[in-house]
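Here is the structure we will look at, set down as structure tokens.
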Amino acid sequence: MKGRRHYLKKAKSRKMGRGRSGGLMKKLVWCGRRSFSHQSSESESAREGYVRVVVGKVGSEVVFYEMDAIYLNHPLVEKLLSLTGEEYGYSYEGALRIACDIHLFRYLIQLLSTGNPGAHYMDLPDLISKFNFQLNN
Numbered sequence: 710m711k712g713r714r715h716y717l718k719k720a721k722s723r724k725m726g727r728g729r730s731g732g733l734m735k736k737l738v739w740c741g742r743r744s745f746s747h748q749s750s751e752s753e754s755a756r757e758g759y760v761r762v763v764v765g766k767v768g769s770e771v772v773f774y775e776m777d778a779i780y781l782n783h784p785l786v787e788k789l790l791s792l793t794g795e796e797y798g799y800s801y802e803g804a805l806r807i808a809c810d811i812h813l814f815r816y817l818i819q820l821l822s823t824g825n826p827g828a829h830y831m832d833l834p835d836l837i838s839k840f841n842f843q844l845n846n
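Taken in order, the sequence shown gives residues 710 to 846; the numbers are from this note's numbering.
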């Protein structure tokens, strides 16, 4: 992964579970050194090596991201996917769904993109605690 850019594309924001109305195009966000201004639609497919995910809880704002597919194998991402499936079910169409706070998810991806080996041994309560600590300091 050395030298590879790790993007989180913030393509569209809307209320999860509320249909397709009211979609608001948002600026793309990159957790790294620079940002870029390409905007994509919900129906656009992900670049090679990336996967589209919908992040946010039902009834609150959700954001469409494009993340490196390698992160799907990370224990923290697997745990978030498992919790989402348990809470909301596994049967749906479209992008992969992750029901968690948008900012927490961005923090997780940013942490993973640094290649910090400590992130591999972190569990979900540790991630949340570290995120809250960073948020308050």
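Yeah, the Cβ is synthetic: ideal placement off N, Cα and C, and Gly gets one too.
Bear in mind that the values here come from a model prediction, so they are computed numbers and not experimental data.
Would you identify the three-state DSSP class for residue i, choosing helix, strand or coil?
i	result
Y780	helix
E796	helix
E787	helix
Based on the DSSP output, what are the partners of residue i in its beta bridges?
i	result
E775	R761
R756	Answer is none; R756 lacks a bridge partner.
R806	V763
Kindly list the residues whose CB is nearer than 8 Å to the CB of residue i, restricted to its own chain and excluding five residues on each side of it in sequence; keep chain order.
i	result
E796	A808
H783	L821, A828, H829
Y759	Y716, E775, M776, D777, A778
L667	Only positions 710 to 846 of the chain appear in the structure, and residue 667 is not among them; the question remains open.
E802	none
Which whole-angstrom value is the C-beta distance of residue i and residue j, which I expect to be below 8 Å?
i	j	result
V772	I811	5 Å
A804	R761	4 Å
Counting only the same chain and skipping the five closest in sequence on each side, list residues whose C-beta sits under 6 Å from that of residue i.
i	result
R806	V763, T793
Y816	F840
For residue i, which residues of its own chain have a beta-carbon under 7 Å away from its beta-carbon, when the five flanking residues on both sides are left out?
i	result
S754	none
- Do the region 766-782 and the region 832-845 make contact, defined as three or more Cβ pairs closer than 8 Å? no
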